[in-house]
Structure formats: C-alpha cells, structure tokens
Amino acid sequence: MLGGWECPYCTLVNNQSNTICTACGSERDRGGGRSPLISKFIIKPIADVANALLEFINGSSNPPITPRQCTPCSILLPGSSQNVVTSPETVAAPSSTTDQESSYWICRNCSNVNNDVAMVCAQCSQTKPIGSKRRLRGQDRSATLGLNGRSYHSTNSLSAQDTSVSLCSEVMTEVERCDRDNAAATYNAIVVFCQQNMTSFIDDSFPHSPASIGDIRCVDGAVVGKVPKSFLWLRPEQMYTKDGRTWPWTVFRDPRSSDIEQGCLGDCWLLSAMALIAERPDILEHILLTKEYSHVGAYQVRLCIDGRWKIVIVDDFFPCRIETRSIAFADGRKNQLWVPLIEKALAKQLGSYSRLLAGRTIEGLSILTGASVEMISLEDDDNSDKDLKWTRILSAKEAGFIMGCSCGAGKRVVDSNVFQRKGLLARHAYSILEVKQEGEYRLLKLRNPWGTFVWNGKWSNNWKGWPKELKRKLLSGEPSTGTFWISYDDFLLHFDAVDIAKIRCFQGWAELRIPMQMGGTFLETDKAIRILIEEPTEVCFTLFQSGARTARDQADLFICVHMISPSGAVGELVHRSPRKIEPFVDTGDMFLRSGQYIVEGTIHHSMTGVYPRYITNDFAGLLLMVDNSLDDMWVHVKAECSNSLNVLSSRGVLDVADSIPPLSRQIIMVLTHFEPTQSFLVQHQLTRWETLPLVAMVFDPSLTRIHRLLIILRWNNYISIKLFSPRSGY
Numbered sequence: 019m020l021g022g023w024e025c026p027y028c029t030l031v032n033n034q035s036n037t038i039c040t041a042c043g044s045e046r047d048r049g050g051g052r053s054p055l056i057s058k059f060i061i062k063p064i065a066d067v068a069n070a071l072l073e074f075i076n077g078s079s080n081p082p083i084t085p086r087q088c089t090p091c092s093i094l095l096p097g098s099s100q101n102v103v104t105s106p107e108t109v110a111a112p113s114s115t116t117d118q119e120s121s122y123w124i125c126r127n128c129s130n131v132n133n134d135v136a137m138v139c140a141q142c143s144q145t146k147p148i149g150s151k152r153r154l155r156g157q158d159r160s161a162t163l164g165l166n167g168r169s170y171h172s173t174n175s176l177s178a179q180d181t182s183v184s185l186c187s188e189v190m191t192e193v194e195r196c197d198r199d200n201a202a203a204t205y206n207a208i209v210v211f212c213q214q215n216m217t218s219f220i221d222d223s224f225p226h227s228p229a230s231i232g233d234i235r236c237v238d239g240a241v242v243g244k245v246p247k248s249f250l251w252l253r254p255e256q257m258y259t260k261d262g263r264t265w266p267w268t269v270f271r272d273p274r275s276s277d278i279e280q281g282c283l284g285d286c287w288l289l290s291a292m293a294l295i296a297e298r299p300d301i302l303e304h305i306l307l308t309k310e311y312s313h314v315g316a317y318q319v320r321l322c323i324d325g326r327w328k329i330v331i332v333d334d335f336f337p338c339r340i341e342t343r344s345i346a347f348a349d350g351r352k353n354q355l356w357v358p359l360i361e362k363a364l365a366k367q368l369g370s371y372s373r374l375l376a377g378r379t380i381e382g383l384s385i386l387t388g389a390s391v392e393m394i395s396l397e398d399d400d401n402s403d404k405d406l407k408w409t410r411i412l413s414a415k416e417a418g419f420i421m422g423c424s425c426g427a428g429k430r431v432v433d434s435n436v437f438q439r440k441g442l443l444a445r446h447a448y449s450i451l452e453v454k455q456e457g458e459y460r461l462l463k464l465r466n467p468w469g470t471f472v473w474n475g476k477w478s479n480n481w482k483g484w485p486k487e488l489k490r491k492l493l494s495g496e497p498s499t500g501t502f503w504i505s506y507d508d509f510l511l512h513f514d515a516v517d518i519a520k521i522r523c524f525q526g527w528a529e530l531r532i533p534m535q536m537g538g539t540f541l542e543t544d545k546a547i548r549i550l551i552e553e554p555t556e557v558c559f560t561l562f563q564s565g566a567r568t569a570r571d572q573a574d575l576f577i578c579v580h581m582i583s584p585s586g587a588v589g590e591l592v593h594r595s596p597r598k599i600e601p602f603v604d605t606g607d608m609f610l611r612s613g614q615y616i617v618e619g620t621i622h623h624s625m626t627g628v629y630p631r632y633i634t635n636d637f638a639g640l641l642l643m644v645d646n647s648l649d650d651m652w653v654h655v656k657a658e659c660s661n662s663l664n665v666l667s668s669r670g671v672l673d674v675a676d677s678i679p680p681l682s683r684q685i686i687m688v689l690t691h692f693e694p695t696q697s698f699l700v701q702h703q704l705t706r707w708e709t710l711p712l713v714a715m716v717f718d719p720s721l722t723r724i725h726r727l728l729i730i731l732r733w734n735n736y737i738s739i740k741l742f743s744p745r746s747g748y
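Here is the structure:
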C-alpha cells in the first residue's frame, strides 16, 4: 500500500504520518535496528491500547492519556477512564461528534477489526460472515449496566465478546453490588407481601415434600438408624430443641464451632467447613445477608456455587422428626438459625438434601468463601518434603488464610480406639488456629469443632514437659473449649491433610469470574483466555465444572498456561494445574514474568530432532505427545498402553500408530482415570519405525463432550484479558 507502513507485530497498515501503530501501540521501525521483542510488543499500557483501538474504529483522535485511580482498591491504573469501555468510572455524556454509533465486525480467521461497510477482511481477505455486525460507542449499552450513575462490564456480555477488553478490579465489585441490590429488591417485595397478607413466606421453588429431601436412606452418608421414614416441615417456633425456650430464636448469638450439631444427614464435610468459618465472624456475616430473625420467615444466604456467587432466598420451614418435632438435619445450639439456613440454601441450589451426602471439607470451604482452595497432603513418607510442607503451612497461616485439617481420614489404616486414647477422633475435621515456630519447636494450635475430646500427648494443655517460657507465652489465660497444642511431628503422624482457603484480606488482589463453555471440538463456540502482563504479577487460575457435585457427574479438568509471542504464535507451556476428576481444579499461585518460564512434564530424547513428552504427575492418567522438529523427515511411531488398568483412552483403543509430519507436534494419546473410587495403572511403550508407509493410521482425535465451566482469575497487579475462539487464532 502506497503511503503507508505495515506494523511488524499486528500487520496493520498505518498512515505514513503515524509514528505508532493505531491498533497495538508498537513504535514504527525507522530502520535503525530492532529493540528487544518484549519491549516492542508491550510498548503501551493496556488502557492506551484500548483507546488506540477506539481511535482506529471511530476514526477520531482522543485526548492524551492520563493516569486514573481504581475506586475500590486505590491502585493507580494507566490510562484515562474516558474511553475505556470496561472502566467503572462515570462516563460523560457523548458529544454530538461522538454520539454516533460505529459498527464493525471481527474476522473469525485473523481477529482483525473491520468497518461494517467492508465485505472482506482487510488483513486476510476472509469474507465477512453473516450477522457478525457489532456496535461500539463511547458507552456500549449492550455491554454495560448502569448502577447509581456508574457503569461496569457485565459478565455475560464479556463472555460473548471477541475483542480485547481491559479489565480492572472494579468488575467483580460492581457485579456483586448489583446482585445484592437485585436480591434486596426481591426480598423486600416478599416481606411487604407477607406483611400485607399477614402470612409467612413459603418458598414454592423448594417445596415441603419428599422431592426436596431426596433418597437418603440407602446412601452410606446417612447416619445409620437415625433416618426417619417421613418428615414434618415446621417453623422454628413450632419445633422442639434441646435449649427449649431458654434462648429466643435468632440468626446469630455469638456463633462458635461448638454450636454446630449434625443430624441424620451425612454432610459432615459441609459442617466441618462451617466450623472453620465460625472462627471468622467477618466471613460468616457475608454469607447470611439476613442477620436478624425474620417474622415472615424469609432469609437470604450467599453461597459460591460452581465458582459463582449466588444469593439464595429460603423460608424457615425445616424437616423435623414427627415423633419429637425436633429438627432432623443440622442444628445450631442456643436456638441459632445460621447452621440450618446455610444447609437448606445449599440443598435448594443442588436440588435436594440428598445431594449434600458425601464430600470433602475443601469443597465446603470453596462454597462458603468463594476463595481459591488448596490441599496439602501429609501422607507422603518422604522426609525431604517435611520441611517444605511446614513452610507452606506456616506461610498460609501468616497470610491469614482459613485452615483446617483432617484426622485419620486418608489412605492410612487407622484404629479408632488408639486415636481416642490419645484424645483424637478418627475421620474428623479440626480447625488450625495458630502455627508457631518457637526456636527448634514447631507447634500447631488446633480446635475440635465439637468442643470436646482434645489431644493428651506431648504439648497438650496438661503436659508436664512444657518449657516455662513457652508455657507462659502460649498457655496464658483461660483455655478455649476444644483447643490444644500439638507438635508438628505428632501432627504428621495422626493427620493426613491440610485444607486451605486463601482469603485475600489485603489490598492489591483482584478477581474476575468468567462463565465459559469449553470442550475439545475446536468449534467457534469454544473459548480461551488471553492475558497480557505489564509487570511481574502473581496470578491464580481456578476452573469449575457446572453441576458436578458427585463423582458420576465430574469430568477431568486441566488448565494450561502458554506463552504467546508478539506474532500470535502459541509458545511453551509455562504453567499447568494438576489434572483431576473433581468439581474444580486450581493452578495455585504463580508468578508470570517476562522471560521466566516453568515447563512441566518429562522429556525423553529417542532420536535427534524427535522429542516425546510425557505428563503423569498430578494428571490422573497420562498425556503422551511427540514433537518432530525435523524439517525433511516424517516420524512413524507406535504407542502401546494395553497393560494399563482402569483408564479410558482418547483414541478409543490402547495401541495406536501415527505418522507425524515434519516440524509438527501431535498428542498421541490421553489416558484418563475411569472410576475415581478405584486405583488405576498406566503402562506405556513408545516405538519408532523407519520403514512404515508414509501415512499410517493418522488420527485427528477430538473430544465431543462440551462442559459449561467457570474460570476464575485472581491477580495482584496489572493485567489485561481477552476471550477468543481457537479458530480465530491468537
């Protein structure tokens, strides 16, 4: 094109007078040599890039960019809020020159933004698809929702966007505020209706019928001999409790973990998580939005279901035993309602009380806190890992995270009587209150959620071997009910796992929750996420599967984080999560810096230029991939995995042969753990032939199942995110 220059990074043809690319912000190459690649690619803050994109689409010139301040966290962000479409700052009314809407469409082949009048893509000449027109203006009404004079980018519209969008911490703050306002309006309408008609609230979406109870009699999670044949639904003032009329009914009355009593439902995983939350009243108050006793019987409970915060409205009719008129499921001592209300709200969201049977404490922490969770296994016999685990536990406590631990519930064979003689309960959950490194002593302060039965060994409250200085420091004052100190060595012997909920109670962290549809079909409906890091940033990804409460509903989840070059090519794997058949999977906290990468997996060199790659650790199976870096030779391989047990193959068979073209990479096979309750075995052998035909059983395997997933990104610095379709490229 005469009179123009082509950007070497995004290939946009710019006017000759422009010194920077109007699309990506890269400086024009004057022929004086190229500066480092990263500095050229990330030449401008993301807010500037968004403004440059608006300039390109609208054909207008915007004022210079000035820094702005993030309202919730007071972080100074680059770029003015005037033209950033996702900024929650107040948007001024558009002038007559900018009020006109600008239509555009995005090429599915190269992701180039084209004017609506263009029938072919300016970059790749791809024909304009039918119905692809979008509109962009100073304030996109289809992509923002007004709230008290402010605007924010809605999550639903975000997942449907193909363009690059700039996000900051205000996104989830405003979404949460909007959800609270909508739920409050619904709740107030219910209260007014009940008061005008002098009736109590009855939730017809969760009827008082056997359908809401479900089948709990034939499930192992139920308490044997205590399951009634039928139930009577009663309000609190109609029920009989152990505390009788000593205490008036209320939502909270100095809540403690010892106030929780389990009924005939096997949901101790949820109650154990409640016991941990009871140690943090600030978090508990965010779960129960209705904090006073409601005379109309309507309550709001806020839970994080499948990674998304939901406000659930329930009535105060609870299943009770017909004979005694006492509550049949979870109960709160001193006539507190917060325990049965949380249990009922979760049962309503899942469909019935029977859906609460069986689970893990870490799952309950995720539902109650919405935070990223982590489990540290204590059952490994590797002594070299002992110090590392202590460091992780100590660091988690110093960070203010909620921590719990399970006693005698892992793979070890335990004798309940031996544990009881030591003051411990097998297959039971405890709270971790303190973690101390006092000189050479490593100590943990634990709490039994039920307030009874405490450790009676070394470092217990009545142990005579306490050093005077430590006893004065750690045992001063009246001991709380159910609390005790235990040494780290005894802790490793009797406890099998530590569950951590990473509550980010300090400033600097932000989060974004994105509902997405993911699968392996490589259709245009598939989505992925692109992130752009301006500075070294600590990031955490969590991937949730929708409706995966039981093992039968769960699929294997896996997160990969790849480096992307300025030209758009997918580079090396820099981080990955464990591959698990569970409701959610987490990458853990990781630092992303320019030029520093971590590649997981084992590399075996079979011949020069051919690199088989295996991933087995934390993968619930095997991923086998072969790279052919030869530029003039095909590679013929055969993979044999027929001796593997309790696994499913992505190829449908366990022995396959493939031909890999030059300069190509192919995933040969993925083996997945089939039955989660049983162990699995993976055995594989990879062989190379020189004399196979040019093409030998070449497969293009695909996964046909589509999962509705939610991916959560948490970070504590500046980050830009883009949703894109794999077909449109990076």
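For any residue, its number in the numbering used here is found by taking its place in the sequence shown, counting from 1, and adding 18. Every residue, glycine too, gets a C-beta built ideally from N, C-alpha and C.
Confirm, please, whether the CB-CB distance from Ala-363 to Val-12 is below 8 Å. Absent from the model: residue 12. The displayed extent of the chain is 19 to 748, so no value can be given.
May I ask you to verify whether the region 269-284 touches the region 319-336, counting CB pairs closer than 8 Å and requiring at least 3? Flag = no, the region 269-284 and the region 319-336 do not touch.
Are there 16 or more other CB atoms within 10 angstroms of the CB of Gln-438, so buried, or fewer, so exposed? The residue you call residue 438 lines up with position 420 of the sequence shown. With fewer than 16 other Cβ atoms within 10 Å, it is exposed.
As assigned by DSSP and simplified to three states, the class of Leu-306: Mapped onto the sequence shown, residue 306 falls at position 288. In the displayed model, Leu-306 falls within a strand according to three-state DSSP.
Got a sec, what are the start and stop residues for the beta strand (DSSP E) Tyr-459 sits in? As a working note, residue 459 is residue 441 in the sequence shown. Here the beta strand (DSSP E) through Tyr-459 covers 459-465.
Using 8 Å for Cβ pairs, my map puts Gly-281 next to Ile-340. What's the rounded Cβ distance? Reading the sequence shown from its first residue, position 263 is the one you call residue 281. Reading the sequence shown from its first residue, position 322 is the one you call residue 340. Actually they do not touch by this definition, with Cβ atoms about 14 Å apart.
N- and C-terminal bounds of the alpha helix (DSSP H) containing His-313: Walking along the sequence shown from the start, residue 313 turns up at place 295. In the DSSP assignment, His-313 falls outside any alpha helix (DSSP H) and carries neither an H nor an E.
Span of the alpha helix (DSSP H), counted from its first residue to its last, around Val-357: On the sequence shown, position 339 is the one that residue 357 refers to. 356-368 is the extent of the alpha helix (DSSP H) around Val-357.
Provide the residue(s) that pair with His-593 in DSSP beta bridges, ordered along the chain. Walking along the sequence shown from the start, residue 593 turns up at place 575. Paired residue(s): Val-579.
For Leu-461, which option in Ile-504, Lys-476, Leu-493 has the closest C-alpha, if you only look at C-alpha atoms? Walking along the sequence shown from the start, residue 461 turns up at place 443. Nearest C-alpha to Leu-461 among Ile-504, Lys-476, Leu-493: Ile-504.
In the DSSP assignment, find the beta strand (DSSP E) that holds Gln-797 and state where it starts and stops. Within the shown structure, residues of the chain are numbered from 19 to 748, placing residue 797 beyond reach of any answer.
Could you check what DSSP says for Gly-639 in three-state terms: helix, strand or coil? Residue mapping note: residue 639 aligns to position 621 of the sequence shown, counting from 1. Three-state DSSP puts Gly-639 in a strand.
Distance, Cα to Cα, Val-314 vs Cys-212? Working through the sequence shown from its first residue, we reach residue 314 at position 296. Working through the sequence shown from its first residue, we reach residue 212 at position 194. Approximately 6 Å, taken between the alpha carbons.
Buried versus exposed, by CB contacts within 10 Å (16 or more), Pro-379: Counted from its first residue, the sequence shown places residue 379 at position 361. As written in the sequence, residue 379 is Thr, which differs from the Pro given in the question. It counts as buried.
For Met-421 and Trp-287, I'd like the C-alpha separation in whole angstroms. What you label residue 421 is simply residue 403 of the sequence shown in a count that begins at 1. What you label residue 287 is simply residue 269 of the sequence shown in a count that begins at 1. When rounded, the distance between both Cα atoms is 14 Å.
If you follow the alpha helix (DSSP H) that Glu-487 is in, where does it begin and where does it stop? Mapped onto the sequence shown, residue 487 falls at position 469. Its alpha helix (DSSP H) spans residues 486-492.
Any idea what DSSP makes of Ser-424, helix, strand or coil? Within the sequence shown, residue 424 is the residue found at index 406, counting from 1. If DSSP states are grouped into helix, strand and coil, Ser-424 belongs with the strands.
DSSP beta-bridge partners of Glu-24: As a first step, residue 24 is located in the sequence shown; it is residue number 6 there, counting from the start. Answer by DSSP bridge pairing, in chain order: Val-31.
Return the chain-ordered list of same chain residues with a C-beta closer than 6 Å to the C-beta of Ser-35, the five sequence neighbours on each side being excluded. One-based indexing of the sequence shown puts residue 35 at position 17. The beta carbon of Ser-35 sits closer than 6 Å to none of the beta carbons in its chain outside the five residues before and after it.
Where does the unbroken alpha helix (DSSP H) through Leu-289 begin, and where does it stop? Translated into the one-based positions of the sequence shown, residue 289 becomes position 271. That run of the alpha helix (DSSP H) goes 286-295.
Status (buried if at least 16 other CB within 10 Å, exposed otherwise) for Tyr-448: Reading the sequence shown from its first residue, position 430 is the one you call residue 448. By the 10 Å Cβ count, Tyr-448 comes out buried.
Is Ser-424 closer than 8 Å to Ala-365 when the C-beta atoms are compared? In the sequence shown, counting from the first residue as 1, residue 365 sits at position 347. In the sequence shown, counting from the first residue as 1, residue 424 sits at position 406. Not in contact: Ala-365 and Ser-424 (Cβ atoms no closer than 8 Å).
Could you tell me which of Asp-285, Val-644, Leu-488 sits nearest to Ser-682, measuring between CA atoms? One-based indexing of the sequence shown puts residue 682 at position 664. Here the closest residue by C-alpha is Val-644.
Expected contact under 8 Å - CB spacing of Gly-639 and Val-700 to nearest Å: Looking up residue 639 in the sequence shown gives position 621. Looking up residue 700 in the sequence shown gives position 682. That belief holds up - the Cβ atoms of Gly-639 and Val-700 are roughly 6 Å apart, short of 8 Å.
Rounded to a whole number of angstroms, what is the C-alpha to C-alpha distance between Cys-196 and Lys-328? Start at 1 with the first residue of the sequence shown, and residue 196 comes out as number 178. Start at 1 with the first residue of the sequence shown, and residue 328 comes out as number 310. Each residue's alpha carbon lies about 12 Å from the other.
Cutoff 6 Å; reference Arg-351; Cβ partners in own chain excluding five residues on either side: Along the sequence shown, one-based indexing puts residue 351 at 333. Contacts found: Asp-277.
Is the beta carbon of Arg-253 less than 8 Å from the beta carbon of Asp-334? Residue mapping note: residue 253 aligns to position 235 of the sequence shown, counting from 1. Residue mapping note: residue 334 aligns to position 316 of the sequence shown, counting from 1. In contact: Arg-253 and Asp-334 (Cβ atoms closer than 8 Å).
Should Arg-669 go down as buried or exposed, given a rule of 16 or more other Cβ atoms within 10 Å for buried? For this step, residue 669 is matched to residue 651 along the sequence shown. With 16 or more other Cβ atoms from the protein chains shown falling within 10 Å of its own Cβ, Arg-669 counts as buried.
If distances are taken between C-alpha atoms only, which option among Gly-565, Thr-560, Tyr-629 comes closest to Ser-595? As a working mapping, residue 595 is identified with position 577 in the sequence shown. Ranked by how close their Cα comes to the Cα of Ser-595, the residues Gly-565, Thr-560, Tyr-629 have Thr-560 in first place.
Reduced DSSP secondary structure (H/G/I, E/B, other) of His-446: For the purposes of this step, residue 446 is identified with residue 428 of the sequence shown, where counting begins at 1. Looking at His-446 - three-state DSSP - the assignment turns out to be strand.
Close beta carbons around His-691, own chain, < 6 Å, minus the five adjacent residues each side: Numbered from 1 along the sequence shown, position 673 holds the residue referred to as residue 691. Shown here for His-691: same chain residues with a beta carbon closer than 6 Å to its own, the five before and five after excluded, namely Ile-599, Ala-638, Gly-639, Phe-698 in chain order.
Near Leu-250, what residues of its chain come up, given a Cβ to Cβ distance below 8 Å and the 5 sequence neighbours on each side ignored? If you number the sequence shown from 1, residue 250 lands on position 232. The answer, listed in chain order, is Pro-337, Cys-338, Arg-339, Ile-340, Arg-343.
Can you tell me the Cα-Cα spacing of Asp-349 and Gly-483, whole angstroms? Taking the first residue of the sequence shown as position 1, residue 349 is located at position 331. Taking the first residue of the sequence shown as position 1, residue 483 is located at position 465. Put simply, the backbone Cα of Asp-349 is about 40 Å away from that of Gly-483.
Which of the three DSSP states is assigned to Ile-547 in this structure? Against the sequence shown, residue 547 aligns to sequence position 529. Collapsing the DSSP output to three states places Ile-547 in a strand.
Using 8 Å as the threshold, is the C-beta distance between Phe-502 and Val-472 below it? Your numbering for residue 502 matches position 484 in the sequence shown. Your numbering for residue 472 matches position 454 in the sequence shown. At the C-beta level, Phe-502 and Val-472 come within 8 Å of one another.
Candidates Gly-369, Ala-389, Ile-549: closest to Asp-517 by CA position: Indexing the sequence shown from 1 puts residue 517 at position 499. Residue Ala-389 is the option with its Cα nearest to Asp-517.
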